[in-house]
Structures are given as structure tokens and as C-alpha cells.
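Q: One line per chain: the protein sequences are W and X, in this order. Just so it is clear: in the first sequence, position 46 is 46 by our numbering, and no numbers are missing. In our numbering, each number is its position in the second sequence, counted from 1, plus 1000. In this text, a Cβ means the ideal position worked out from N, Cα and C, and glycines have one as well. One structure coming up, written as C-alpha cells, with questions to follow.
There are 2 protein chains.
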Amino acid sequence: MVEMGNDTAADARTVIERYWAAAEHRDWNTFGALLAPDVVYEIPQTRERVRGREAYVRFNAEYPGDWRVTVERVVAEERRGVSWTSFTVDGRTETGLCFFTLDGSGLIDTVTDFWPEPYEPPAGREHLVERY
Amino acid sequence: MVEMGNDTAADARTVIERYWAAAEHRDWNTFGALLAPDVVYEIPQTRERVRGREAYVRFNAEYPGDWRVTVERVVAEERRGVSWTSFTVDGRTETGLCFFTLDGSGLIDTVTDFWPEPYEPPAGREHLVERY
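Next up, the structure:
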């Protein structure tokens, strides 16, 4: 069952869509206003962690390159959601997958970020797969 | 707004939980019964695609190694969902992220599978991050 939310708090889909729109527009005031003061951001692949709204806004604002982000899919419950995005920078496009949780006020309190990279398929399953 | 589903169809959370339980138990009859006949499975990182229930069950049943899967998180709407799982095989643990869609009967019709691998963090953000 979906937990009943605070009537005044935006749901996770709305918050995630605002988050990516603010990032795309480098609107760091709006971006920061979506975050809990004690937000925790983690990249499990590098085992990096950023703590707190100020550091996390700066982490994004300082991210190098003239990147553009396109939202491919958002799957969301009331207080949790996932985004699948495409990042394009320097002519390359990368996939970003973010898991979000929101606190009771509808502010983002955790972001867990994954960047899956291309790799060569293992041998032995060519009889079942096609390449695209 | 969440779309109203068919009353007789299981929601995405239930289906995804059954999917992983069946995989963990190598119960390929139950696993196959969760899939639409024309299910399409894709791995964007390798650009591999498997079409159809029979081939996709076989792809999983033939997957090498004595792997175990633990579900870390499921985020789901009525007809779409995402799973974050940990796969352990040969003493190594990998992260799997799957995006699912269900058809109107509650059968899985697409699975998009990502395997993010560890990588070294880029230089220049040490002032904002900690390692864990």
C-alpha cells in the first residue's frame, strides 16, 4: 500500500522532475530548496559520499563540462523514486540511475547514484541474444 | 496519478518480488509464468536483447555460477517498477538494477537490466566528498 503523505508535501515524482529541471537550468537555488539540510549523496561505484545541502549543491554546480540531462524514465512512490537519465557532455552520452528517498516534508534526504558503463558481453549466450 | 489497474492483475511490486524469489529458487516455471509471451529483455551496456518468454527463461536458467540474489530495494507503481539487487557469485558481489514494465494483465513485458561496476573517482572533488 502507498503510505498516505503529508498533504502539503510534493510527491517523489514531482520532486524528482523539479530536481532534474533545476539541474538542467543550473538553477541552484531551486535545486537546493528540494534538498533536506542533512541530505546524503552516495556513489556506490566509487564509494564517494557527500553530506549536507551546501556541499551537495556545490558538488553539482562544480560538476565539469557543459553537460545536458534528459530524463528517460521516473518511477516513483509517495516518498521514494528512481530516475533514469541520459547525460550528454563533450559529444558522449552516459546513463545515470538515481535512487531517491524523501523525508516527511517532501525534501530529498538520500540520493544514491549509479553510472553503468558499456562492457563486452560474456561468451556463451549468443544462441539466446541479439545485438542492437 | 496512479493509473487504475485491472483488479485481477498483481501490481508491479508483487510481481517483481515474485520474480526475484523464483530466480533465487531456480523455480523456472513460476518465473516464466510472470512473463508476457513476447517479453523483451535488454542490457543497454552490452546492447544485448533477448526476445520472448522461452528464450528469456533459458537465458536466466543457463546463467553460469551458483549465484544468489538479495533484493535491496523495490520502487514500484501499478505497472512499472525498479529493483536494486545484490548478486553474489564466486565470492564477489555485484549490483543489478532492473527497470520493469507490466502489460495490462500484470505480466512483465519489458526488463531493462544495468550492471554498474566499480570505477575510480575523477580528481578535483576531494574537497566535497568522503570515501566509504
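1. Which value, in whole angstroms, describes the spacing of the CA atoms of Phe1018 of chain X and Pro64 of chain W?
2. Among X:Val1089, X:Val1111, X:Asp1090 and X:Gly1106, which residue has its Cα nearest to the Cα of Leu1097 of chain X?
3. Just to check my reading of the structure: Thr1088 of chain X and Trp1067 of chain X have Cβ atoms closer than 8 Å, yes? What is that Cβ distance to the nearest angstrom?
4. What are the partner residues of Ile16 of chain W, as DSSP defines its beta bridges?
5. Select from W:Leu128, W:Leu34 and W:Arg47 the residue whose C-alpha is nearest the C-alpha of Gly104 of chain W.
6. In chain W, what lies closer than 7 Å to Ala1055 of chain X by C-beta?
7. Indicate the three-state DSSP secondary structure (helix, strand or coil) for Arg58 of chain W in the structure shown.
8. Rounded to whole angstroms, what's the CA-CA distance from Gly1124 of chain X to Gly32 of chain W? Just pull it up for me.
9. Distance check for Arg49 of chain W and Arg1080 of chain X, CA to CA, integer angstroms please.
10. Where Glu72 of chain W and Ser86 of chain W are concerned, what is the direct C-alpha to C-alpha distance, given to the nearest angstrom?
11. Would you mind reading off the limits of the alpha helix (DSSP H) that contains Ala33 of chain W?
12. Below 9 Å between beta carbons is the criterion; list the residues of the region 105 to 132 of chain W that meet it against any residue of chain X, in chain order.
13. With 8 Å as the threshold, decide whether the Cβ of Val977 of chain X is near any Cβ in chain W.
14. To the nearest angstrom, how far is it from the Cα of His127 of chain W to the Cα of Gly1052 of chain X?
15. Gly91 of chain W: buried (16+ other C-beta within 10 angstroms of its C-beta) or exposed?
16. Kindly give me the distance between the Cβ atoms of Arg1047 of chain X and Tyr132 of chain W, rounded to whole angstroms, as I take these residues to be in contact under 8 Å.
17. So with CB distances below 9 Å, who are the chain W contacts of Val1050 of chain X?
18. Using 8 Å as the threshold, is the C-beta distance between Arg13 of chain W and Ala76 of chain W below it?
19. Can you pull out the residues from the region 1086 to 1107 of chain X whose beta carbon lies closer than 7 Å to at least one beta carbon of chain W?
20. Tell me, which residues are paired with Gly1081 of chain X by DSSP?
21. Going along the chain, which residues of its own chain have a beta-carbon closer than 7 Å to the beta-carbon of Ala10 of chain W, five neighbours each way excluded?
22. Buried or exposed: which applies to Glu1155 of chain X, given that a residue is buried once 16 or more other Cβ atoms fall within 10 Å of its Cβ?
23. Is Val1039 of chain X close to chain W, meaning its C-beta is less than 8 Å from at least one C-beta of that chain?
24. Here's the rule: buried if 16 or more other CB atoms are within 10 angstroms of the residue's CB, otherwise exposed. What is Asp1113 of chain X?
25. Could you tell me whether the Cβ of Val1082 of chain X comes closer than 8 Å to any Cβ of chain W?
26. Determine the chain X residues that contact Phe59 of chain W at a beta-carbon separation under 9 Å, and present them in chain order.
A: The short version:
1. The sequence given here places Arg at residue 1018 of chain X; Phe does not occur at that position. C-alpha separation (whole angstroms): 42 Å.
2. X:Val1111
3. By a beta-carbon distance limit of 8 Å, Thr1088 of chain X contacts Trp1067 of chain X. Their separation comes to about 7 Å.
4. None, per the DSSP bridge assignment.
5. W:Leu34
6. Leu128
7. helix
8. 22 Å
9. Straight-line spacing of the CA atoms in Arg1080 of chain X and Arg49 of chain W works out to 29 Å.
10. 7 Å
11. Trp28 to Ala33
12. Thr112, Phe114, Trp115, Pro116, Glu117, Pro118, Tyr119, Glu120, Pro121, Pro122, Gly124, Arg125, His127, Leu128, Val129, Glu130, Arg131 and Tyr132
13. Since the first residue of chain X shown is 1001 and the last is 1132, residue 977 of chain X is not available in this structure.
14. 13 Å
15. exposed
16. 5 Å
17. Within 9 Å Cβ-Cβ: Arg125, Leu128, Val129 and Glu130.
18. The Cβ atoms of Arg13 of chain W and Ala76 of chain W sit closer than 8 Å to each other.
19. Thr1095, Leu1097 and Phe1099
20. X:Ala1076 and X:Phe1100
21. Closer than 7 Å at Cβ, skipping near neighbours: Gly106.
22. Residue numbering for chain X in the displayed model covers 1001 to 1132; residue 1155 of chain X lies beyond these limits and cannot be assessed.
23. no
24. buried
25. yes
26. In chain order, Arg1125, Leu1128 and Val1129 make up the part of chain X whose C-beta sits under 9 Å from the C-beta of Phe59 of chain W.
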